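A.B. asks:
Protein chains in written order, with my numbering: chain A, 1 to 298; chain B, 1 to 237.
1. Closer than 8 Å, Cβ to any Cβ of chain A: which residues of the region 45–67 of chain B, in chain order?
2. Do you know offhand how far residue 286 of chain A's Cα is from residue 186 of chain A's?
3. With three or more beta-carbon pairs closer than 8 Å as the criterion, would you say the region 104–121 of chain B touches the region 58–69 of chain B?
4. Count the other CB atoms within 10 Å of the CB of residue 175 of chain A; is the residue buried (16 or more) or exposed (fewer)?
5. The beta strand (DSSP E) that contains residue 93 of chain A, what's its start and end?
6. Name the chain A residues whose beta carbon is nearer than 8 Å to that of residue 106 of chain B?
7. So, with DSSP's three-state summary, where would you put residue 132 of chain B?
8. Can you list, in chain order, the residues of its chain with a C-beta nearer than 8 Å to that of residue 189 of chain B? Leave out the 5 residues immediately preceding and following it.
9. Ends of the alpha helix (DSSP H) at residue 274 of chain A?
10. Work out the CA separation of residue 160 of chain B and residue 176 of chain B for me, nearest whole Å.
11. Which residues of chain A have a Cβ atom closer than 8 Å to the Cβ of residue 79 of chain B, listed in chain order?
12. Alpha carbons only, please: which of A:43, A:78, A:132 and A:41 is nearest the one belonging to residue 59 of chain A?
13. So residue 215 of chain A contacts chain B; which residues on that side make the cut at Cβ distance below 8 Å?
14. On the DSSP letters alone, give me the boundaries of the beta strand (DSSP E) that residue 63 of chain B sits inside.
15. Who are the near neighbours of residue 216 of chain B in its chain, counting only those whose CB is closer than 7 Å to its CB and skipping five residues on each side?
16. List the residues that DSSP assigns as beta-bridge partners of residue 196 of chain B.
17. Against chain B, with Cβ distances strictly below 8 Å, would residue 230 of chain A count as a contact?
18. Taking the alpha-carbon positions, what's the residue 50 of chain A to residue 269 of chain A distance?
19. Looking at chain B, is there any beta carbon in it that lies within less than 8 Å of the beta carbon of residue 298 of chain A?
20. Do you know offhand how far residue 228 of chain A's Cα is from residue 16 of chain B's?
21. Taking the alpha carbon of residue 310 of chain A as the reference point, which residue from A:99, A:79, A:296 and A:43 has its own alpha carbon closest?
22. What do you get for residue 160 of chain A, buried or exposed, if any count of 16 or more other CB atoms within 10 angstroms of its CB means buried?
23. Going by DSSP, what residue range makes up the alpha helix (DSSP H) through residue 184 of chain B?
24. Considering just the uninterrupted stretch of the alpha helix (DSSP H) at residue 91 of chain B, what are its terminal residues?
25. Here's the rule: buried if 16 or more other CB atoms are within 10 angstroms of the residue's CB, otherwise exposed. What is residue 77 of chain A?
26. Using a Cβ-Cβ distance under 8 Å, would residue 148 of chain B count as near chain A?
27. Hey, residue 187 of chain B and residue 194 of chain B: beta-carbon distance below 8 Å or not?
28. Mind listing, in chain order, the continuous beta strand (DSSP E) runs of no fewer than 3 residues lying wholly within the region 30–68 of chain A?
29. Between the region 80–102 of chain B and chain A, which residues of the former have CB atoms less than 7 Å from a CB of the latter, in chain order?
30. Report yes if the CB atom of residue 10 of chain B is closer than 8 Å to the CB atom of residue 28 of chain B, and no otherwise.
31. Could you pull out every residue in the same chain whose Cβ sits closer than 6 Å to the Cβ of residue 208 of chain A, ignoring the five residues on either side in sequence?
32. Does the beta carbon of residue 202 of chain A sit closer than 8 Å to a beta carbon anywhere in chain B?
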């Protein structure tokens, strides 16, 4: 089908150049721009979920709840030592009490924290892989004997709503992408039907001289492909500028969930393929429309 | 002798109207020349449409080149249509194509290479006296010039059958005679020619031509030859 794009010059003349064009390239440019935005959003969300989400979800925070600062420090050292000998952990980071006080000070006030409220001893632990429930249970069983009162918070638990939201947004992007492709197909069908009406007499004459449906379909396919390529180039250009602008803003976000998130490597490949895919889709729809319309002619 | 066209009890109606053509049974033989006459509304154009496969009949059997044209699958039609040249009453030139491109159209549709079609098209342009207007669009041509282009387009592919609907209606008598000579020359090369006309003077131009007369959709056969091999064709000088 794609080879039909390369028509000899004399065959191209059978339908005057520019008659299908009109607003078609611009409509396709807008549709493609929106399609690329939807696809990029979906891909960025996948990237963010994979990078930020996975990083955070593979972490746990151990809280040593011991009011006596001396015992608390001793227990934290013991737990840290035990953790360093455990397999499957990529990072063990005891949080100094001073840093914990700093974190609490905006809410409780610096003086109150120092004097009256015992603070927990904190150790951030990162697993090499996101731990499942069984791994977490084994981990808890190994750590619990090392301190009198210990609590283990898995970040994956409080991240569950975040992952649910991400999944919903990714599905939404996919749905929008699908709707846009359907709308693009509908636009092509309407444009080709209108062009078919305009050129009905030429097509009938071709038929009477032994022209085949495929010969007629190729003429329309080529026109639609040119429009789609032109519209695709414009839509892709505008989308690329938009991504460049947005990605700068995105990189400036320091939120733990979004920091460092970027388009996955295959994302750029997918985005580059979309204009070609839309062109192929437009050609296919044009061919289908013409062939089904011509079936009604003898 | 194998026939080019066989009609057996053919009828044609548009929608639920009464039959515009009824009980047509005749045979056209290779290399024969037929004039189709009849009053306006007698059904000449409808009969020609059946001959160039623009319509299927409402009833009856039509055989074209030995094949059943009534039940012929759509995808086989183009191959048969390429064997038929058609001169439409309203010319039906492609408006955005030049004279040259209009005449070349059947050859291009048949997949003839550009280098192979330039010679025949140029020769045809010269023959119809429109070499100077090779690049003109139909809208800038006179009625007679358009008619000549339409005829040139119909004959350029040396069809096995030529169907012409009032082909000399818009040209002067001298050009009409020249065009008829072109048809006769093609006929001598073996093309079966069917010319629908009102012009009774044309009927005497080609000796041996047979006449088919339509009257209210029914065919009369004044020469009585439609079902027999034709006599040898002699063009009057």
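The beta-carbon is built from N, C-alpha and C at its ideal position, and this holds for glycine as well.
These numbers come from a predicted model, not from an experiment.
C.D. replies: With the given structure in hand:
1. 52, 53, 54, 55 and 56
2. 10 Å
3. no
4. exposed
5. 89–95
6. 209 and 210
7. helix
8. 158
9. 265–294
10. 22 Å
11. 210
12. A:132
13. 109
14. 59–64
15. 42
16. B:36 and B:165
17. no
18. 18 Å
19. yes
20. 44 Å
21. The structure shown does not extend to residue 310 of chain A, since chain A is modelled only from 1 to 298, so the question has no answer here.
22. exposed
23. 173–188
24. Where residue 91 of chain B is concerned, there is no enclosing alpha helix (DSSP H), given that its DSSP letter is neither H nor E.
25. exposed
26. no
27. no
28. 59–64
29. 81, 82, 86, 92, 94, 96, 97 and 101
30. no
31. none
32. yes
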